[in-house]
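Q: Mapping the sequence shown onto UniProt numbering, position 122 (from 1) lands on 122, and the numbers just tick up by one.
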Amino acid sequence: MLSFDYSIPTKIFFGKGKIDVLGKEIKKYGSKVLIVYGGGSIKRNGIYDRTASILKENNIDFYELSGVEPNPRITTVKKGIDICKEKNIELVLAIGGGSTIDCAKVIAAGVNYDGDPWDIVKNPSKIEKVLPVASILTLAATGSEMDQIAVISNMDTNEKIGVGHEDMRPKFSVLDPTYTFTVPENQTAAGTADIMSHTFESYFSGVEGAYLQDGIAEAILRTCIKYGKIAMEKPNDYEARANLMWASSLAINGLLSLGKDRKWCCHPIEHELSAYYDITHGVGLAILTPNWMEYILNDDTLHKFVDYGVNVWGIDRKKDSYEIAREAIKNTRKYFDSLGIPSKLREVGIGEEKLELMANRAVRNSGGTIGSLRPIDAEDVLNILKKSY
Ligand code: NZQ
Ligand code: ZN
Numbered sequence: 001m002l003s004f005d006y007s008i009p010t011k012i013f014f015g016k017g018k019i020d021v022l023g024k025e026i027k028k029y030g031s032k033v034l035i036v037y038g039g040g041s042i043k044r045n046g047i048y049d050r051t052a053s054i055l056k057e058n059n060i061d062f063y064e065l066s067g068v069e070p071n072p073r074i075t076t077v078k079k080g081i082d083i084c085k086e087k088n089i090e091l092v093l094a095i096g097g098g099s100t101i102d103c104a105k106v107i108a109a110g111v112n113y114d115g116d117p118w119d120i121v122k123n124p125s126k127i128e129k130v131l132p133v134a135s136i137l138t139l140a141a142t143g144s145e146m147d148q149i150a151v152i153s154n155m156d157t158n159e160k161i162g163v164g165h166e167d168m169r170p171k172f173s174v175l176d177p178t179y180t181f182t183v184p185e186n187q188t189a190a191g192t193a194d195i196m197s198h199t200f201e202s203y204f205s206g207v208e209g210a211y212l213q214d215g216i217a218e219a220i221l222r223t224c225i226k227y228g229k230i231a232m233e234k235p236n237d238y239e240a241r242a243n244l245m246w247a248s249s250l251a252i253n254g255l256l257s258l259g260k261d262r263k264w265c266c267h268p269i270e271h272e273l274s275a276y277y278d279i280t281h282g283v284g285l286a287i288l289t290p291n292w293m294e295y296i297l298n299d300d301t302l303h304k305f306v307d308y309g310v311n312v313w314g315i316d317r318k319k320d321s322y323e324i325a326r327e328a329i330k331n332t333r334k335y336f337d338s339l340g341i342p343s344k345l346r347e348v349g350i351g352e353e354k355l356e357l358m359a360n361r362a363v364r365n366s367g368g369t370i371g372s373l374r375p376i377d378a379e380d381v382l383n384i385l386k387k388s389y
């Protein structure tokens with residue numbers, strides 16, 4: 001295990017009705033708020049009305065930026081920055097899934113930057129002062145509610161870039177599992193796949209000896225496998241939605257990667273797919289992951305797949321090691337299939353023409369290789385994309 005510093009300062013208010021803390025918590029930072037939200041789900045399920053009435057009761061002025069796209073655009077970030085500057089906003093409150101929260105984070109980071117906000121996405125060292133950000137989570141998936149990352153797309157240049165800054169981590173997040181009852185099946189499935197992928201990215205690390213973190217990762221994977229299915233069948237099952245919601249935060253808030261090297265693999269590949277084809281993030285990951293697993297399986301990586309098979313899928317350790325590994329990978333694919341997620345890139349509108357371009361771009365910012373347990377280069381990525389096609 002590598003050395004590490006531990007601090008995950010986002011305050012979490014978890015449970016039914018926890019939105020009641022909103023007034024008191026916001027007032028610690030100011031009384032002028034920009035509410036950021038997406039295409040309107042929060043208006044349909046009542047979360048918007050509840051938020052607005054709490055803010056009014058507490059004499060908190062609020063302004064709005066709506067229409068944040070899934071795979072949020074830098075153009076929308078710019079609109080939010082303009083409102084913040086014009087209205088002297090003191091806190092940015094995201095209400096939604098990862099796209100909305102990510103958009104809010106970069107708005108908050110861009111308010112005190114004079115140049116084009118795309119600069120700070122490409123080069124976070126330019127970020128100086130960040131407005132406080134808070135979130136009300138409505139979709140268990142990205143973990144943006146408790147991490148310091150935002151992923152923003154620029155459709156003019158076909159770039160989708162993750163930017164991280166410690167001050168972009170939300171000051172607090174409200175996690176009410178009942179707010180995810182209305183999440184449609186396809187987003188529940190994609191969100192579950194995304195949580196699992198964040199966990200895999202840390203779990204399949206080349207750094208050995210983080211036994212405790214690996215045990216937590218295995219528990220998160222079992223949680224997703226069990227409750228993802230239940231949430232699909234019974235959208236209003238509180239226990240299922242609650243477990244998925246907390247898994248979302250724990251998978252990426254930094255806990256699992258403590259003592260590890262944080263060199264991710266499927267995510268940089270998926271971000272190229274979304275940048276060119278605007279697909280749902282979790283769907284891209286579910287298509288790639290089993291193919292990536294098969295591709296990196298060899299004598300050196302085998303032990304990790306055996307642990308995965310035994311501890312997550314309950315496969316008998318006495319079986320042949322390669323048999324365990326292959327069964328675990330097959331189970332992973334079958335699980336994503338059972339959630340109704342497509343298993344081929346061509347099923348989500350991706351053509352063969354850009355596979356090579358995307359493979360080269362996936363590794364361009366990390367010295368030519370991505371991943372940790374078995375680092376792979378552009379040629380390997382292309383092979384995985386072809387297997388996934
Ligand atoms: O826009 P609305 O109308 O709210 O509808 C959304 C959207 O259409 C809907 N939705 C959300 N909550 C709902 C709901 N519908 C009904 N009831 C609810 N309670 O779901 C759709 C998808 O929302 P979105 O926010 O795009 O999904 P997700 O949370 O999966 O976020 C995906 C984005 O996050 C990035 C992804 O790349 C992608 O851009 N990621 C962010 C990360 C981070 N900040 O750490 C890490 C991840 O790996 C990921 O890259
Ligand atoms: Zn993800």
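Ideal Cβ positions, reconstructed from N, Cα and C, are used throughout, including at glycine.
Any idea which residues DSSP pairs S173 with across the strands?
A: I12, S135, per the DSSP bridge assignment.
Q: In terms of residues, what are the limits of the beta strand (DSSP E) holding N154?
A: Start and end: 149-154.
Q: Tell me which residues share the same chain as N253 and place their Cβ nearer than 8 Å to its Cβ, disregarding the 5 neighbours each side in the sequence.
A: I8, T10, G143, M146, D147, listed in sequence order.
Q: Taking all protein chains shown into account, do 16 or more other C-beta atoms lie within 10 angstroms of the C-beta of H271, making it buried, or fewer, making it exposed?
A: The residue is buried, with at least 16 neighbouring Cβ atoms inside 10 Å.
Q: Using the C-alpha atoms, what's the distance from P290 back to D337?
A: Each residue's Cα considered, the two are about 11 Å apart.
Q: By the 10 Å Cβ neighbour count, where 16 or more other Cβ atoms means buried, how is L2 classified, buried or exposed?
A: Exposed.
Q: Would you kindly work out how many angstroms separate the C-alpha atoms of E201 and Y113, rounded to a whole number?
A: Spanning the two alpha carbons is a distance of roughly 32 Å.
Q: Would you report the Cα separation of K122 and F14, rounded to the nearest angstrom?
A: Computed Cα separation, rounded: 33 Å.
Q: How many Å lie between V92 and A52 at the Cα?
A: Cα to Cα, V92 sits roughly 14 Å from A52.
Q: Can you confirm whether the segment 221-238 touches the segment 186-198 when touching is taken to mean that 3 or more C-beta pairs between the two stretches lie within less than 8 Å?
A: Judged by Cβ distances under 8 Å, the segment 186-198 makes contact with the segment 221-238, as three or more pairs qualify.
Q: Report the three-state DSSP secondary structure of F200 (helix, strand or coil).
A: If DSSP states are grouped into helix, strand and coil, F200 belongs with the helices.
Q: Do the segment 166-175 and the segment 204-216 meet, that is, are 3 or more Cβ pairs less than 8 Å apart?
A: Verdict: no, contact absent.
Q: By the three-class DSSP mapping on this structure, what secondary structure does Y37 have?
A: Here Y37 sits in strand by DSSP.
Q: Quick one: grab the DSSP three-state call for V348.
A: Looking at V348 - three-state DSSP - the assignment turns out to be helix.
Q: Of the residues I89, S31, L139, which one's Cα is nearest the Cα of P70?
A: Of the candidates I89, S31, L139, the one whose C-alpha sits nearest the C-alpha of P70 is L139.
Q: At a cut-off of 7 Å, would you count A150 as near the ligand NZQ, judging by its Cβ distance to the nearest heavy atom?
A: True, at least one ligand heavy atom lies under 7 Å from that Cβ.
Q: Could you check whether the Cβ of L285 sits closer than 7 Å to any heavy atom belonging to the ligand ZN?
A: Answer for L285: yes, Cβ within range of the ligand ZN.
Q: Touch check for the segment 335-354 and the segment 276-293: three-plus C-beta pairs under 8 Å?
A: Touching, per the Cβ criterion.
Q: Report the rounded CA-to-CA distance for L339 versus C266, giving the unit in angstroms.
A: L339 and C266: Cα-Cα distance of roughly 19 Å.
Q: Is E128 helix, strand or coil when you go by DSSP?
A: The answer is coil: DSSP assigns E128 none of H, G, I, E or B.
Q: Across the segment 370-386 and the segment 322-333, are there enough close Cβ pairs to call them in contact, namely three or more that are closer than 8 Å?
A: Output reads no: the segment 322-333 does not touch the segment 370-386.
Q: Looking only at DSSP bridge pairs, what is A94 linked to?
A: DSSP lists V36, S135 as partners of A94.
Q: Are D194 and A141 touching if we call contact CB-CB under 8 Å?
A: Yes, these two residues count as a Cβ contact at 8 Å.
Q: How would you call N58, buried or exposed, if buried means at least 16 neighbouring beta carbons within 10 angstroms?
A: So N58 counts as exposed.
Q: Around the Cβ of H303, are there at least 16 other Cβ atoms within 10 angstroms (buried) or fewer (exposed)?
A: It is exposed - the Cβ of H303 has fewer than 16 other Cβ atoms within 10 Å.
Q: Does the separation of the CB atoms of P117 and V77 fall below 8 Å?
A: Result yes, Cβ atoms of P117 and V77 sit closer than 8 Å.
Q: Assuming contact is defined by CB atoms lying nearer than 8 Å, are Y63 and I89 in contact in what I supplied?
A: Yes, these two residues count as a Cβ contact at 8 Å.
Q: Going by beta carbon distance, what residues of the same chain come within less than 7 Å of N311, once the five residues before and after it are set aside?
A: Hits under 7 Å: E218.
Q: With a 10 Å radius around its C-beta and 16 neighbouring C-beta atoms as the bar for buried, classify P184 as buried or exposed.
A: Answer is exposed; the Cβ neighbour count stays below 16.
Q: Would you call Y6 buried or exposed, if buried means 16 or more other Cβ atoms sit within 10 Å of its Cβ?
A: Flag for Y6 reads exposed.
Q: Report the residue from I42, V36, I54, N45 whose alpha carbon sits nearest the alpha carbon of E25.
A: Checked all of I42, V36, I54, N45; the closest Cα to E25 is I54.
Q: So, for L65: in the same chain, excluding its five sequence neighbours on each side, which residues have a beta-carbon less than 7 Å away from its beta-carbon?
A: The residues are L34, V36, K79, G80, I83.
Q: Does the Cβ-Cβ distance between I74 and I152 come in under 8 Å?
A: Yes. Within cutoff.
Q: Just to confirm, does S197 get its C-beta within under 7 Å of one of the non-hydrogen atoms of the ligand ZN?
A: Correct: S197 has its Cβ closer than 7 Å to the ligand ZN.
Q: From V163 to K318, what distance separates their C-alpha atoms?
A: Rounded to the nearest angstrom, the two C-alpha atoms are 44 Å apart.
Q: For I376, which beta-bridge partners are listed by DSSP?
A: Its beta-bridge partners are I370.
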